[in-house]
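In full-length UniProt numbering, the protein residues as written are 1 to 211. A virtual CB, placed ideally from N, CA and C, is assigned to each residue, including glycine. No experiment lies behind these values; they were computed from the predicted model shown. See below for the structure under consideration.
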Amino acid sequence: MLNKKIIALSAKVDSLTTEMEQKAAFTDLIQRVISGKDEEIKSESSTSVKVVKVDEINQLSIVDSLFRKEFEKKESNVFSVKNVSFGKLSNLILFNPVSGLVKSKYNAVNQSYEVGLLVKQGESVKAVANGTVIFAGWTDRNENVIILQHEDNLMTVYKKNSVVLKKDGDAVKAGEVLGVVSDPQIGGNPNFYFELWYKGKPVNPENFITF
């Protein structure tokens, strides 16, 4: 009986340690994104994310979890990711954050973890899934950024907004408008950037969203 209690206590300690490490990783990630140092973070390939075991994912905790509802399913502008299980969800449903033309792609080798899009003026920026705003405002790089925390240690970053309509702590629904993109750039350069993070690591958004 004593051995069983020791084993159970050890497992609980391991779980708490993992939870603390993950919270620390997310805190560091947010600070890096805000300060413009996210390019220093080493990437985990999208392939490695796809083969994550379900039992490993089920052990993950949500940083400052204020929500545990399933993602809303919408009929338009959604893309269902097959063969990936996030917690209790059999499919991950993500909205397209904006409608635009991909001008720069995710490139882990070059430590470019964002997808850059050319978007028409006045285009609305939408939440890709249910979540909570954990940052909304200007960064040290003079970018108006919104960061959302979602279920199962998923986080999304929306950069280059001309207008931000949400504030820290706001709960948002999938497809809800977060802000408005900045004006188109001279020469057809991207005027909106999007990042997708899972378990504290950047992943290729185009593997999960059809832009």
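### Message
For I134 and D168, which I take to be in contact (beta-carbon distance under 8 Å), what is that distance rounded to the nearest angstrom?
### Response
7 Å
### Task
Return the bridge partner residues of S124 from the DSSP annotation.
V180
### Query
How close, in whole Å, do the beta carbons of E176 and A127 come, if the pair is a contact with beta carbons under 8 Å?
E176 to A127, Cβ: 5 Å. Contact.
### Task
Can you tell me which of N191, Q111, A174 puts its alpha carbon nearest to the alpha carbon of N96?
A174
### Query
So which of W197, K199, Q185, G179 has the shortest CA-CA distance to V98?
Minimum Cα distance to V98 is reached at G179.
### Query
Is the CB-CB distance between K166 and E143 below 9 Å?
no
### Query
Would you call I147 buried or exposed, if buried means 16 or more other Cβ atoms sit within 10 Å of its Cβ?
buried
#### Entry: N-terminal and C-terminal residue of the beta strand (DSSP E) that S104 is part of
101 to 104
### Local Cβ density within 10 Å of Q149, reported as buried at 16 or more and exposed below that
buried
### Task
For the beta strand (DSSP E) containing I147, list its first residue and its last residue.
144 to 149
### Message
Closer than 8 Å to a non-hydrogen atom of the ligand GTP - does that hold for the CB of G175?
### Response
This structure does not include the ligand GTP; it has no bound ligands of any sort.
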